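Participant: This is the structure, below, for whatever I ask next.
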Amino acid sequence: MRIKDDDKPALSSEIVKAFVMVSIAAVACYTLYSVRRLLISFVLGFLTAYVLNPVVDWLEARGTRRILAIACVFAVLAVGGLGAAVLSWPMITGQIRSLESVSIGQQITMVKVQLSELDTALKSYLPEAWRNWSLVEIATRKAAAVQEDMIRGAPGMLLGLLSWAPIIGLAPIVAFFILKSGRSVKRSLVELAPNRYFEPLLNLLHKIDCQVGSYIRGQFTEACIVAAMTIIGLRIIGLNYYIVVGALVGAANIIPYFGYVIGIGVSSAAAVLQHGALDAAIGPIAVLVVVQLIDNNIIGPVIIGKSVSLSPLTIMMSVLVGGQLFGVIGLLVAVPVTGIMKVVITMVHQEMQRYSVSHR
Amino acid sequence: MALDPLWGNIFRHRSAGREAAIEVLKGVPLFEELTHRELVRVERIVHKRHYRAGETIVRENEPGSGMYILCSGTVEIHQATRDGNHRHLATLGEGDFFGEMSLLDEETRAASAVATEDCDLLGFFKPDLFDLVERDPRLGLRIVMGVARMLSLRLRYTNRQLREIQDSAIRARQTAGDEEGAANP
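Residue numbers (the numbering used here), protein chains in the order written: chain A, 17 to 376; chain B, 2 to 186.
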């Protein structure tokens with residue numbers, strides 16, 4: 017049957033509709049961009065809620081009321097965190113004092129001597145015309161520039177860190193309310209759907225919830241295991257700041273490929289600073305290589321699997337965008353958020369396929 | 002007379018609606034062994050939907066997620082035939098239910114359900130059942146056993162009907178054979 021011209025929607029009304037939708041989308045993006053720092057609270061709260069939800073469900077399944085179960089979990093975390101801080105405070109202050117007592121000047125002199133030896137060895141392989149540079153001079157110039165930047169930027173950095181404190185402090189509150197009322201909010205949103213799309217939407221949201229939850233908990237579990245293995249490994253080789261470095265390596269592991277490089281950099285720098293020799297970096301590098309081999313071949317495939325693997329290009333783009341918009345926290349949450357978006361898009365596509373097949 | 006917003010019991014309507022839903026749930030074999038407290042929990046997770054006359058509730062061959070229970074109105078169940086027509090299977094009224102098989106499997110709907118007049122239905126879906134199993138395993142298991150029991154009863158009834166049809170077919174063949182034998186001794 018041919019559609020009559022007067023049955024077709026007017027081109028001008030289509031253009032107006034498209035313009036209105038694009039305008040709404042632009043306003044929404046601008047609003048989100050303006051409140052991006054607040055968004056971090058919601059993202060962190062959301063991730064925390066997904067990690068804690070199985071524990072709360074477990075308590076509720078044993079007869080505890082949900083709000084009491086949530087309060088118990090938060091109380092245990094607060095007491096545990098406080099206890100860990102109280103117990104580790106003497107160790108941290110001791111390490112800071114040992115760092116202060118270590119003569120940094122002596123360490124730098126020893127590193128300069130090693131660099132000079134490396135300089136001589138490298139130059140012996142080069143033609144005479146290419147020998148008018150000095151590794152020691154280059155390293156000293158770079159180190160001085162970095163030191164000047166750090167001294168100039170330190171007050172700004174401190175203020176920046178302080179300004180993030182309330183944003184991060186809001187995350188547990190957001191997590192609490194997501195755990196308490198997340199289900200009823202989701203239910204209320206689903207109730208608004210028209211009858212035709214109600215069942216597919218309910219099913220889709222449930223599947224997304226399950227997949228996203230598994231992915232986030234898997235990432236968190238993997239990061240904890242990597243941190244634990246790194247802490248043990250660094251302790252064995254005698255690195256002084258093994259707990260802090262191990263925890264940093266575990267957190268950086270969330271960023272595939274690049275997190276590994278960050279971890280090597282941090283642990284090598286800590287070892288060089290401790291021993292005052294470049295070859296001191298071999299120990300931490302060896303530990304991290306072993307940890308990564310175990311992670312890539314055993315832990316990762318078992319816990320996360322291949323279902324939410326992201327390409328290196330996607331990871332790089334998401335890390336760059338996350339870092340640009342939200343700083344250091346953006347670097348850490350960029351990959352999990354990208355993984356979640358991939359899960360959502362995949363699930364929506366699968367459900368649409370399922371419903372379109374049934375209509376054939 | 003309109004209720005006074007300060008003094009009138011404006012909540013009576015809401016609680017009456019809730020009690021009516023619990024009464025409807027009690028009539029479903031799936032929930033007949035639950036206590037009142039458990040029925041209140043189930044009432045909180047079912048979805049109340051309204052369908053206008055002529056609106057399709059479930060479509061044949063579409064993926065299903067759960068069952069529907071009629072609070073009011075009438076629903077017709079029909080199935081498409083090979084020649085493109087529709088075969089009427091049943092007319093359901095208040096307290097009746099359909100679609101319970103979708104609670105257990107991922108298969109598509111076996112028939113379509115269309116509201117013949119304005120209907121209010123309670124929807125009980127698989128995601129909510131799975132959620133209930135995690136949060137209250139005892140209640141979740143009782144409901145799952147209820148679904149299994151209902152499907153078992155339907156299977157036994159179907160077996161009985163099939164046996165009766167087979168017996169009728171055997172009797173008809175025997176009668177035809179006897180008649181043929183009598184006609185050609």
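Just so you know, even glycine gets a beta-carbon here, dropped at the ideal spot from N, CA and C. Bear in mind that the values here come from a model prediction, so they are computed numbers and not experimental data.
Do ARG60/B and SER103/B have their C-beta atoms closer together than 9 Å?
Facilitator: Contact: no.
Participant: If contact is defined by three or more beta carbon pairs under 8 Å, each pair taking one atom from either stretch, is the segment 286-302 of chain A in contact with the segment 248-255 of chain A?
Facilitator: Enough Cβ pairs lie closer than 8 Å, so yes.
Participant: Using the C-alpha atoms, what's the distance from VAL38/A back to ILE31/A?
Facilitator: Their Cα atoms are separated by approximately 10 Å.
Participant: Taking any Cβ of chain B, which residues in the segment 213-227 of chain A have a Cβ under 9 Å from it, in chain order?
Facilitator: Correct list: PHE214, GLU215, PRO216, LEU218, ASN219, LEU221, HIS222, LYS223, ASP225, CYS226.
Participant: When the Cα atoms are used, what is the spatial distance from PHE58/A to LYS358/A?
Facilitator: Cα-Cα distance, rounded: 19 Å.
Participant: Quick one: is LYS27/B near chain A, going by C-beta distance under 9 Å?
Facilitator: For LYS27/B, the answer is no, since every Cβ of chain A falls outside 9 Å of its Cβ.
Participant: Leaving aside the five residues before and after GLY275/A along the sequence, list all residues of the same chain whose C-beta is less than 6 Å from its C-beta, in chain order.
Facilitator: Only ALA268, ASN269 meet the Cβ criterion.
Participant: Counting contacts by CB-CB distance shorter than 9 Å, is VAL43/B in contact with chain A?
Facilitator: VAL43/B does not count as touching chain A.
Participant: May I ask you to list, following chain order, the residues of the segment 336-370 of chain A that have a beta carbon less than 9 Å from some beta carbon of chain B?
Facilitator: Per Cβ criterion, the list reads GLU367, ARG370.
Participant: Could you compute how far the alpha carbon of ILE298/A sits from the alpha carbon of TYR49/A?
Facilitator: If I take the Cα positions, the gap works out to 43 Å.
Participant: Measure the C-alpha to C-alpha separation of PRO272/A and PHE192/A and round it to an integer number of angstroms.
Facilitator: When rounded, the distance between both Cα atoms is 29 Å.
Participant: Tell me the rounded alpha-carbon separation between LEU60/A and HIS365/A.
Facilitator: Rounded to whole angstroms, LEU60/A to HIS365/A spans 27 Å at the Cα level.
Participant: Within the same chain, show all residues whose beta-carbon is closer than 8 Å to that of VAL360/A, passing over the 5 residues directly before and after it, in chain order.
Facilitator: The residues are ILE224, VAL228.
Participant: Are there 16 or more other CB atoms within 10 angstroms of the CB of TYR66/A, so buried, or fewer, so exposed?
Facilitator: Counting Cβ neighbours within 10 Å, TYR66/A comes out buried, since at least 16 surround it.
Participant: List the whole-angstrom C-beta distance separating ILE46/B from ASP129/B, where the pair is believed to meet the contact cut-off of C-beta under 8 Å.
Facilitator: Indeed they touch by this definition, with Cβ atoms about 5 Å apart.
Participant: Would you list, in chain order, the members of the segment 125-137 of chain B that have their beta-carbon closer than 7 Å to a beta-carbon of chain A?
Facilitator: Hits within the stretch, in order: PHE126, PRO128, GLU135, ARG136, ASP137.
Participant: Considering ALA90/B, what are the terminal residues of the beta strand (DSSP E) in which it resides?
Facilitator: Correcting the residue identity first, residue 90/B is Leu in this sequence and not Ala. Counting along the chain, the beta strand (DSSP E) containing LEU90/B begins and ends at 87-93.
Participant: Mapping the DSSP letters down to three states, classify ILE86/A as helix, strand or coil.
Facilitator: ILE86/A falls in the helix class under three-state DSSP.
Participant: Check whether the Cβ atoms of THR109/B and VAL76/B sit closer than 9 Å, and answer yes or no.
Facilitator: No.
Participant: Could you check whether the Cβ of ALA77/A sits closer than 9 Å to any Cβ belonging to chain B?
Facilitator: So yes, ALA77/A belongs to the interface.
Participant: Once DSSP output is grouped into helix, strand and coil, what is the label at ALA81/B?
Facilitator: In the structure shown, ALA81/B sits in a strand (DSSP, three-state: E or B).
Participant: Using beta carbons (cut-off 9 Å, strictly below), is HIS37/B in contact with chain A?
Facilitator: By this cut-off, HIS37/B is not an interface position.
Participant: Comparing the C-beta of ILE70/B with each C-beta of chain A, is any distance below 9 Å?
Facilitator: For ILE70/B, the answer is no, since every Cβ of chain A falls outside 9 Å of its Cβ.
Participant: Since TYR69/B sits in a beta bridge, which residues does DSSP pair it with?
Facilitator: Note: TYR69/B sits in a beta bridge opposite PHE99/B, GLY124/B.
Participant: Under 9 Å, Cβ to Cβ, is there at least one residue of chain A near GLU101/B?
Facilitator: It does not: the Cβ of GLU101/B has no partner Cβ on chain A nearer than 9 Å.
Participant: Using 10 angstroms around the beta-carbon of HIS37/B, count the other beta-carbons present and answer buried if the total reaches 16, otherwise exposed.
Facilitator: Its Cβ having fewer than 16 others within 10 Å, HIS37/B is exposed.
Participant: Determine, using beta carbons only, whether VAL206/A comes closer than 9 Å to chain B.
Facilitator: By this cut-off, VAL206/A is an interface position.
Participant: Since PHE99/B and TYR69/B should fall inside the 8 Å C-beta cutoff, what is the C-beta to C-beta distance between them, to a whole number of angstroms?
Facilitator: So it is a contact: roughly 6 Å between Cβ atoms.
Participant: Can you tell me whether VAL242/A is helix, strand or coil according to DSSP?
Facilitator: Three-state result, VAL242/A: helix.
Participant: So that I know if they touch, is there some Cβ in chain A lying closer than 9 Å to that of THR159/B?
Facilitator: With 9 Å as the cut-off, THR159/B does not count as an interface residue toward chain A.
Participant: Taking all protein chains shown into account, do 16 or more other C-beta atoms lie within 10 angstroms of the C-beta of ASP106/B, making it buried, or fewer, making it exposed?
Facilitator: It is exposed - the Cβ of ASP106/B has fewer than 16 other Cβ atoms within 10 Å.
Participant: Three-state secondary structure (DSSP) at ILE171/B?
Facilitator: Correct three-state label for ILE171/B: helix.
Participant: Looking at the structure shown, is ILE271/A part of a helix, part of a strand, or coil, going by DSSP?
Facilitator: In the structure shown, ILE271/A sits in coil (DSSP, three-state: anything other than H, G, I, E or B).
Participant: Helix, strand or coil for VAL76/B? Go by DSSP, reduced to three states.
Facilitator: Correct three-state label for VAL76/B: strand.
Participant: Let me know if SER153/B comes out buried or exposed under the rule of 16 or more other beta-carbons within 10 Å of its beta-carbon.
Facilitator: The residue is exposed, with fewer than 16 neighbouring Cβ atoms inside 10 Å.
Participant: Within its chain, find whatever has a CB closer than 7 Å to the CB of MET151/B; leave out the 5 residues flanking it on each side and keep chain order.
Facilitator: Excluding sequence neighbours, MET151/B sits near PRO30, LEU31, GLU101.
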